[in-house]
Amino acid sequence: MNRLLLILITCCWHALAWGQFTIHGRVLDADTKEGIPFANVFFEGTTLGTSTGLDGYYEFKVKKLADSISASAIGFEVQEKALHPDSIVQEINFYLEGSALVLDEVVVIAGENPANRIVRGIIEKKAQNRVDALNSFQYESYSKIELDLENVNPKLQQSKFLKPFAFVFENIDSTSDEKPFLPVYINEVLSDVYYVKEEGKPKSVIQAQRTSGTDNQTIIEYIKRIHQDYNIYDDWIYILDKPFASPFSKSGLGYYDYYILDSTNIDGLWSYKLKFKPKRKQESTFYGDFWVADSIFAVERVNMRMSPDVNINLVSRIIIYEEFTLQDSAWAPVKKKMVVDFTPTEGAPGMIARRTETFREFVSGQPDTRQHYREKDPFYVYEKVEVDSDSFWAEVRHEPLSKTEAAVYSMVDSIQNVPLYKTYVEIIEIVFIGYFELGPVEIGPYSSLYSTNPVEGDRFRIGMRTSDQFSEEVRLGGYVAYGLKDQDFKYSADVKWLISKNPRIMVGAAYKDDISLNSENSEEFVEGDLFSGLFRRDLMQKLIRVQEGKAFYERYWKSGFSNRITFLNR
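Note that the working numbering has the sequence shown beginning at 456, numbered continuously upward.
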């Protein structure tokens, strides 16, 4: 009897153990770090597997483990990972790389491509589906801007030049799923956003912000400039002042080919997944995919990248990701993400600028929204906006920081105590900003010290401007230039006075006698920094001698608008 009982217990134990293996994790986009919905997770060569949910999570149980497990999704490369044979519960996360644009297997035999019908529906209904179709709304916005260095050579840790900063390399994210990168700047902002349709633009009022990393305002402004606000339903999406044709543009069918890849039920709505790619090379376009709700033709999720043939100096990659949810009668964004990848030269460290913005507490049609819109001043510098409390941000963040993001705050505090830090920062600022600080004045810009043109031949210029050490309200500036060919001096002088911060009122005057472009096509870049030179196109334009004097008065209003009156004599 005892022997029989022992046999039964042993059999039951093996039966339980046979179905005990659990595998769970998440399938993510390697570029956006967002979950991939409806991805397949499976054992190669078997029928065992499962699909991910809307956020990319999966879990399934098996009676017997294979040596490896794979994940695949339409539009992504298949990835395979090894399993631990002795682990009963395993967490396996996948980071899938986007696949090529080629869709040779898609053939439309007769009639119209059915994807085009869906795209036309999106174009027809986009005016009512976009969130600014609502009369009024408000929400809380949490945005996070990061600046990371990638392709950081581990051998640099042994360099005597960087030895004082050896501890910095401990913060390099070198997980097996991602390329190693070093986070060097992070900015978090919590805002209340109000919108009234007849006013025409939303008003954002900062409630709290926190920054760690470089404190140079010029670099910060360029980082923010990279991530200019956009709406995917607009016909053109502007990135780095360059217009890209939106896949949901009225002319989208002229720029893109669309293909239906999948269909399923999402939150009670039958939805289609479409992939799109540009019709022609070297046009400012994207490629990617999106989910759209049938019949109402509202975009639920979009993931797109800059086409590989687009030429923007130093920019190797642009990624846009956005999710939407139904709010009242329109579709409001839940999350927006943009990634811009700069690669100066092959083998050199690159720079990745990322912005993530999430939205919650969305309400529409409330009477107090209009009142807040009238009363709030987005240009007013509210007290106690800078908040450094870890507990505060842990509570108000819409999503937690990653390990490497959280390390930036402590890393920067430590690095500023290194004696060589200030010297290194000054060198970097000279290269990227173009000015050398000398007490209350700045000398530069370095990019304008020497240039050449048909009128002046070799041109030499030296400029100067005051810094915040001189005054936070008054700015003086000017330069002197000389051309060897025309053997003539040119000059400029200007002054700006910030009369009031709240409301923001500024007056200024300037005079210049110099060679100038006789064109309306000059691009809006601040003169004299490395970025302006990198992104400016060399256009053949006529040079003329200009004597110009001007004065201006500028005021910002609570409505979010500003007025500028300029008196010009040319």
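Beta carbons: idealized from backbone N, C-alpha and C, even for Gly.
Q: Please determine, among Q924, N908 and F891, the residue with the shortest C-alpha to C-alpha distance to I917.
A: F891
Q.
Considering only DSSP beta bridges, list what S771 is partnered with.
A. Note: S771 sits in no beta bridge, so no partner.
Q | Where the alpha helix (DSSP H) containing N510 begins and where it ends | A | Reading the sequence as shown, one finds Asp at residue 510 and not Asn. First-last for D510: undefined, no H or E at that position.
**Q.** Given P909 as reference, the closest of L939, P788, D722 and M919 once Cα atoms are compared
**A.** Residue L939 is the option with its Cα nearest to P909.
Q. Anyone know if the C-beta pair for Y1011 and R959 falls short of 7 Å?
A. yes
Q. In this structure, does DSSP put D647 in helix, strand or coil?
A. Of the three classes helix, strand and coil, the one that applies to D647 here is strand, per DSSP.
Q. Between T740 and W691, what straight-line distance do the alpha-carbon atoms span, to the nearest angstrom?
A. Rounded to whole angstroms, the separation of the alpha carbons of W691 and T740 is 10 Å.
Q | Closest Cα partner of W786 within the set K736, F814 and K792 | A | F814
Q: To the nearest angstrom, report how far apart S947 and E605 are at their CA atoms.
A: 40 Å
Q | Beta-carbon contacts of A964 that lie in its chain and below 6 Å, excluding the five residues immediately before and after | A | If we look at A964 and ignore the five residues flanking it on each side, its Cβ neighbours are V950 and A1006.
Q. Name the DSSP beta bridge partners of P788, please?
A. F779
Q) How far does the alpha helix (DSSP H) with K581 in it reach, from first residue to last? A) Segment P569 to N584, the alpha helix (DSSP H) holding K581.
Q) When you compare only the Cα positions, how much space is there between I564 and N571? A) Any reading at I564 needs caution, since the residue's pLDDT is 49, under 50, leaving its predicted position unreliable; the model's value is listed next. About 14 Å.
Q: Please list, in chain order, all residues of the same chain as V651 whose beta carbon is under 8 Å from its beta carbon, the five residues on each side excluded.
A: N590, S591, T824, R825 and Y828
Q. Who are the Cβ neighbours of F944 in its own chain at under 8 Å, not counting the five residues just before and after it?
A. V935, A936 and Y937
Q. Nearest to K728 by CA position, among V789, N758 and I954, is which residue?
A. Closest by alpha carbon: N758.
Q.
Could you compute how far the alpha carbon of V644 sits from the alpha carbon of A663?
A. When rounded, the distance between both Cα atoms is 6 Å.
Q.
On the DSSP bridge list, what partners appear for F592?
A. Y650 and S819
Q) Helix or strand or just coil, what does DSSP make of R829? A) helix
Q: May I ask you to report which of helix, strand or coil DSSP gives D722?
A: coil
Q) According to DSSP, is D845 helix, strand or coil? A) Note: D845 maps to helix in three-state DSSP.
Q | Reference W952, options Q1002, V754, E1009 and I898, closest by Cα | A | The shortest C-alpha separation from W952 is found at E1009.
Q: Identify, in the order they occur along the chain, each residue of the same chain with its Cβ nearer than 6 Å to the Cβ of K792, setting aside the five sequence neighbours on each side.
A: T487, Y776 and T811
(Q) Assuming L708 is part of the alpha helix (DSSP H), what are its boundary residues? (A) G707 to Y710
Q. Considering only residues of the stretch 918-976, which uninterrupted beta strand (DSSP E) runs meet the minimum length of 3 residues and lie entirely inside it, listed in chain order?
A. 929-938, 943-956 and 959-972
Q. Quick check: the stretch 513-523 against the stretch 577-590, are there 3 or more CB pairs under 8 Å?
A. no
**Q.** Under 7 Å between C-beta atoms of Y742 and K734
**A.** Taking a C-beta distance under 7 Å as the contact criterion, Y742 and K734 do not qualify as a contact pair.
Q) By DSSP, does T502 sit in helix, in strand, or in coil? A) coil
(Q) Quick check on E860: does DSSP put it in helix, strand or coil? (A) helix
Q. Since W746 is in the beta strand (DSSP E), which residue starts that stretch and which ends it?
A. F741 to A748
Q: Answer with buried or exposed for F847, where buried requires no fewer than 16 other C-beta atoms within 10 angstroms of its C-beta.
A: exposed
Q | Given 8 Å, three or more beta-carbon pairs between the stretch 522-533 and the stretch 494-506 | A | yes
Q: Note down the Cα distance separating L724 from S922, rounded to an integer number of angstroms.
A: 57 Å
Q.
Considering only the alpha carbon of each residue, which of S971, R760 and G508 lies closest to E552?
A. Closest option to E552, Cα to Cα, is R760.
Q) Looking at the unbroken beta strand (DSSP E) that takes in I698, where does it start and where does it end? A) The identity of residue 698 in the sequence shown is Pro, whereas the question assumes Ile. Residues K697 to A700.
**Q.** DSSP state of E812 mapped onto helix, strand, coil
**A.** strand
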